[in-house]
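Enquirer:
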Amino acid sequence: MDRIPILRMGNFLLVTIQVDLYDRLALTLEADLVQMVKKTSAKGVLIDISAVTIVDSFMGRIIGNIASMSKILDSETVVVGMQPAVAITLIELGLPLKGVHTALDVERGMNLLKSMIDDFDDEDIEEDPDGSLAE
Amino acid sequence: MVLSLSKDTIQVVREQDVVLLRNRIKEVAVKIKMGLVNQTRLITAASELLRNMLRYGNGGHCVVEIVSSGRNNGVRLTFTDKGPGIPDIALAMKDGYSTGKSLGLGLPGTKRLVNEFDIKSKVGEGTTVTIIKWANG
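These protein sequence lines map, in sequence, to chains F and S.
This note's numbering numbers the first residue of the first sequence as 1 and each following residue consecutively.
This note's numbering numbers the first residue of the second sequence as 1001 and each following residue consecutively.
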C-alpha cells in the first residue's frame, strides 16, 4: 500500500506530501503521524503541502485532525506551502482550517515551530519558581 | 443554449479511480484554457461529489464534457449513481448537515465552487448531480 514518508529531524517530524491525496492515503498518514509523534516524542510536526493541488473537505478535515491529535500529544503542527488556489478553494468550500498553524514555506514553518516550542520552554522556566499557573 | 463538444464516460467504483478522474478533468480543463484557480475549484468540487458517490451510492459513473454557450467554454460533469437516493434535497444542501460522519460541506460547498449546479434524486433509484464550470466564470 502507498504510504507517505515521515522524516525525523531532531525534535520535529517532517512530512512532504508529493502526491495528490486520496482518502485512504490521508487516513494512513493521520494514523502513522500520530503514532510517530508518540514514538519519537516529537515536539513539532511540519507538513509541506506545496505539491498538493487539491484539498477537499475530507482532506481538510484530516489536516485539522492531525493538528488536534498532535496537540493533545503535546506537539505543535504547522502546515506550509499551501498553493493560493487551494487557499481560495478551501475558504469558498467553507473550511477555514481554524486551529491549524500555517506558514508560507518550510523555512518560515520551521522558525514558527521553533518559536512556539521555545515560548513553551521559557514559560516553564519562568512560571515554575513563582508557582503561578500558566493560562 | 449549452452545446456539448466532447463527451467521455468514466466509471468510478474504487477510491483509486478518483485520482484517474481528477487527472482526466484536469486535462479537459487545461484544453479549454481554464485558469488555475477555476481548475482547482472544479476538481475540488468533483472530488466532493465523487466521495459522495462512493460513500453513499456504492460508486457510479461520471460523464466529462466540454460544453460551450455563446463565447463561453466550460466543463460539464454529470455524476450518476444507483444508490439509495436523497429523501430531502433541501436538507442535504444545508451547510453542516450530514447523515455520515463528515462535516456536511460536500454539497453546499460544491455549489459554491461551480457556476451551475443541479441535483436530482429519487429514493431507491439513485442520484444525479450535474455541475458546470465556465473557463472564465
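Ideal Cβ positions, reconstructed from N, Cα and C, are used throughout, including at glycine.
Say whether chain F places a C-beta atom closer than 8 Å to the C-beta of residue 1025/S.
Expert: It does not; no Cβ of chain F falls within 8 Å.
Enquirer: Confirm, please, whether the CB-CB distance from residue 77/F to residue 47/F is below 8 Å.
Expert: Closer than 8 Å, so yes.
Enquirer: How about residue 52/F: is its C-beta nearer than 8 Å to some C-beta of chain S?
Expert: Output row for residue 52/F: interface = no.
Enquirer: With DSSP as the reference, label residue 12/F as helix, strand or coil.
Expert: Residue 12/F falls in the strand class under three-state DSSP.
Enquirer: Taking Cβ-Cβ distances shorter than 8 Å, what residues in chain F pair up with residue 1015/S?
Expert: Neighbours of residue 1015/S on chain F, chain order: 22, 23 and 24.
Enquirer: Cutting at 7 Å between CB atoms, please list the residues of its own chain near residue 1060/S, excluding the five before and the five after it.
Expert: Contacts found: 1012, 1053, 1079, 1080, 1081 and 1082.
Enquirer: According to DSSP, what are the bridge partners of residue 1079/S?
Expert: Beta-bridge pairing links residue 1079/S to 1062/S and 1129/S.
Enquirer: Which whole-angstrom value describes the C-beta separation of residue 1131/S and residue 1077/S, a residue pair presumed to lie in contact below a C-beta threshold of 8 Å?
Expert: Indeed, because the Cβ distance is near 5 Å, the residues count as touching under 8 Å.
Enquirer: Helix, strand or coil for residue 41/F per DSSP?
Expert: If DSSP states are grouped into helix, strand and coil, residue 41/F belongs with coil.
Enquirer: In terms of residues, what are the limits of the beta strand (DSSP E) holding residue 1008/S?
Expert: Segment 1003-1012, the beta strand (DSSP E) holding residue 1008/S.
Enquirer: Should residue 1038/S be labelled buried (16 or more other beta-carbon atoms within 10 Å of its own) or exposed?
Expert: Classification of residue 1038/S: buried, given that the 10 Å Cβ count is 16 or more.
Enquirer: If contact is defined by three or more beta carbon pairs under 8 Å, each pair taking one atom from either stretch, is the stretch 81-94 of chain F in contact with the stretch 52-59 of chain F?
Expert: Segments in contact, yes.
Enquirer: Following the continuous beta strand (DSSP E) through residue 1120/S, name the residue where it begins and the one where it ends.
Expert: Residue 1120/S -> beta strand (DSSP E) spans 1116-1122.
Enquirer: Leaving out five residues on either side along the sequence, give the residues of the same chain with a beta carbon under 6 Å from the beta carbon of residue 72/F.
Expert: Around residue 72/F: no qualifying Cβ.
Enquirer: When the Cα of residue 1015/S is compared with those of 1091/S, 1005/S, 1004/S and 1058/S, which residue comes out closest?
Expert: That would be 1058/S, whose Cα lies nearest to the Cα of residue 1015/S.
Enquirer: Does DSSP classify residue 109/F as helix, strand or coil?
Expert: Helix.
Enquirer: Along the chain, where does the beta strand (DSSP E) that runs through residue 78/F open and close?
Expert: Residues 76-80.
Enquirer: What residue from 1009/S, 1028/S, 1004/S and 1036/S has the CA that sits closest to residue 87/F's CA?
Expert: Checking every option, the nearest Cα to that of residue 87/F belongs to 1036/S.
Enquirer: Tell me, to the nearest whole angstrom, how far the beta carbon of residue 1046/S is from that of residue 1021/S; I am working on the premise that it is less than 8 Å.
Expert: Confirmed, about 7 Å.
Enquirer: So, under 8 Å CB-CB, residue 67/F and residue 100/F are touching, yes? Tell me the CB distance rounded to an integer number of Å.
Expert: Their Cβ separation, rounded to whole angstroms, is 5 Å, which keeps residue 67/F and residue 100/F in contact under 8 Å.
Enquirer: Would a check of beta-carbon distances place residue 94/F closer than 8 Å to chain S?
Expert: With 8 Å as the cut-off, residue 94/F counts as an interface residue toward chain S.
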